[in-house]
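Asks: Take a look at this one; I'll ask things after.
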Amino acid sequence: MRVVSLNEYTDAQLRRLCARIGLASRVDEVCSVVTDLLGPAGTRALTDPPLWRSDVADDHTPLEYSVAFEQDGSATLRLLVECVARKPNPRSNLRAGLAALNRLAERYPLSTDRLEAVRDLFLPDDPRGLFSLWFSIVVTAADLRVKVYLNPEVRGAHRAPGLVSEGLHRLGLGEGFRTLTEHTARPGSTLDRFSFFALDLDDTPRSRVKVYQSHDRCSVRDLRRSAAACGDADDTQLTEFGALVGGLDCYEGRPLVSSHTFLGGQAEPSGFSLYLPVRDYVRDDAVALARTRALLVRHGLDHTALDRVVDAVRDRPLESGPGLIAHVSLRMGRPRPGVTVYLSAEAYGGTADAGARVGAA
Ligand code: TRP
């Protein structure tokens, strides 16, 4: 049998995905960006183990797809990618990521001012934690944009609140940090922790700073406090989202994740999103798909597009287990309310292995 590389596998998925959500005109561009970012991880045969146990996806594929369903019927494709060095370790992966960022900046009009302002905080020479720099490539019919995810725990878990505080201060959002603190989901608890700090690398009124928190053993009800930091968040929608997608009172498996969006330097979060790791709470992807479809219908979004994208990515029957639909999220407020569905590439079989969570393979 012919040996398939990760690049070939994800190229085929991307071609199907783009074709099915009206982004066919962008597919060559998207594939070339992904190939560039995947680097040595992409040219490797899929019969070999992943070069690095990336935390991007359960099976360590360093790429995850997501599709944001918009109210106007359009869909945005996004790719989450971790750059892996030829000889991967936390330092060399960061160097590979920074080199890839330079290449992206030659190709696209990126604005890296805000990243530069927090770079020494979040990108130290000796990064710790599960990752230091992830990319999100955001593809619409109009353009291709870049976002970076930084890790608040990159200097150790205990320093995460300090890094987020200092990062927001440097970006002129010190008041925003106070708002987050006042709206901690469960005050005094160590079960809520800062997990991602994200920056849009463009300089427009719509460019965002996003702060994510992961909430272990949490209920959706517990997150009302946190959501209330954003004037446009709606408790009823939040509760309904939890009931439709997760259906549990308390999520004891993978944590619920929330994010607050800061737009235009304003201290009040313009948006609040909740991400539910549905794969941990369903028997299989047929169930995950049915629940996600119900959510889209509830919000008047195009559920037929969901069926098309799931079909574009899957390489197995949905009934064979969970994992293809990794997270489902509800976005409230600005810039755009809606639903986003996260899909695993499952290039390495989809399920988590029993080994270490991240590290060299
Ligand atoms: N795989 C990790 C997780 O499930 C990180 C991650 C990837 C993630 N995509 C995400 C976390 C979407 C929240 C939402 O936690």
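Under the numbering used here, the first residue of the sequence shown carries the number 1448, and numbering increases by one thereafter. We treat Cβ as the ideally placed atom computed from N, Cα and C, and that holds for glycine.
1) Considering only heavy atoms of the ligand TRP, does any lie closer than 8 Å to the CB of V1704?
2) Using only alpha-carbon positions, find the residue among L1638, T1798, C1665, A1675 that is nearest to G1689.
3) Our contact map puts V1757 next to L1777 with C-beta atoms below 8 Å; I'd like the distance itself, whole angstroms only.
4) I need the DSSP call for S1479, collapsed to helix, strand or coil.
5) In chain order, what residues of the same chain have a beta carbon less than 6 Å from the beta carbon of G1802, not counting five sequence neighbours either side?
6) Considering only the alpha carbon of each residue, which of R1761, V1593, A1714 lies closest to E1629?
7) Taking 9 Å as the CB-CB limit, is D1519 close to chain B?
8) Would you identify the three-state DSSP class for V1601, choosing helix, strand or coil?
9) Check each candidate in Y1728, L1753, R1575, H1507 and name the one with the smallest Cα separation from R1740.
10) Quick check on this structure: which residue in G1700, Y1512, H1774 has the alpha carbon closest to the alpha carbon of L1526?
11) Where P1496 and E1766 are concerned, what is the direct C-alpha to C-alpha distance, given to the nearest angstrom?
12) Secondary structure at G1694, three-state DSSP: helix, strand or coil?
13) Less than 9 Å between the C-beta atoms of A1645 and G1469, yes or no?
14) Can you round the beta-carbon distance between A1459 and A1773 to whole angstroms, since I take them to be within the 8 Å contact cut?
Replies: The relevant details are as follows:
1) For the purposes of this step, residue 1704 is taken as residue 257 along the sequence shown, with counting starting at 1. Yes; taking the cut-off as 8 Å, the Cβ of V1704 has a heavy atom of the ligand TRP nearer than that.
2) Position 242 of the sequence shown, counting from 1, holds the residue named residue 1689. Closest by alpha carbon: C1665.
3) By one-based count along the sequence shown, residue 1757 stands at place 310. By one-based count along the sequence shown, residue 1777 stands at place 330. By a beta-carbon distance limit of 8 Å, V1757 does not contact L1777. Their separation comes to about 18 Å.
4) By 1-based counting over the sequence shown, the position of residue 1479 is 32. It is helical.
5) Reading the sequence shown from its first residue, position 355 is the one you call residue 1802. The predicted model places G1802 with a pLDDT of 48, which falls under 50 and marks its position as unreliable, so this point remains unresolved.
6) Mapped onto the sequence shown, residue 1629 falls at position 182. It is A1714 whose Cα lies nearest to the Cα of E1629.
7) Absent from the structure: chain B. Only one protein chain is present.
8) Locating residue 1601 in the sequence shown gives position 154, counting from the first residue. Looking at V1601 - three-state DSSP - the assignment turns out to be coil, as it is neither helix nor strand.
9) Translated into the one-based positions of the sequence shown, residue 1740 becomes position 293. Ranking Y1728, L1753, R1575, H1507 by Cα distance to R1740 puts L1753 first.
10) Taking the sequence shown and counting its residues from 1, one reaches residue 1526 at position 79. A check of alpha carbon separations from L1526 across G1700, Y1512, H1774 identifies Y1512 as the nearest.
11) Here residue 1496 corresponds to residue number 49 of the sequence shown, with the count starting at 1. Here residue 1766 corresponds to residue number 319 of the sequence shown, with the count starting at 1. Going by the C-alpha atoms only, they are around 25 Å apart.
12) Your numbering for residue 1694 matches position 247 in the sequence shown. G1694 carries a coil assignment under DSSP once its states are collapsed to helix, strand and coil.
13) For the purposes of this step, residue 1645 is taken as residue 198 along the sequence shown, with counting starting at 1. For the purposes of this step, residue 1469 is taken as residue 22 along the sequence shown, with counting starting at 1. Cβ atoms of A1645 and G1469: not closer than 9 Å.
14) On the sequence shown, residue 1459 is found 12 positions in, with the first residue counted as 1. On the sequence shown, residue 1773 is found 326 positions in, with the first residue counted as 1. Wrong, their Cβ atoms sit about 20 Å apart, outside the cutoff.
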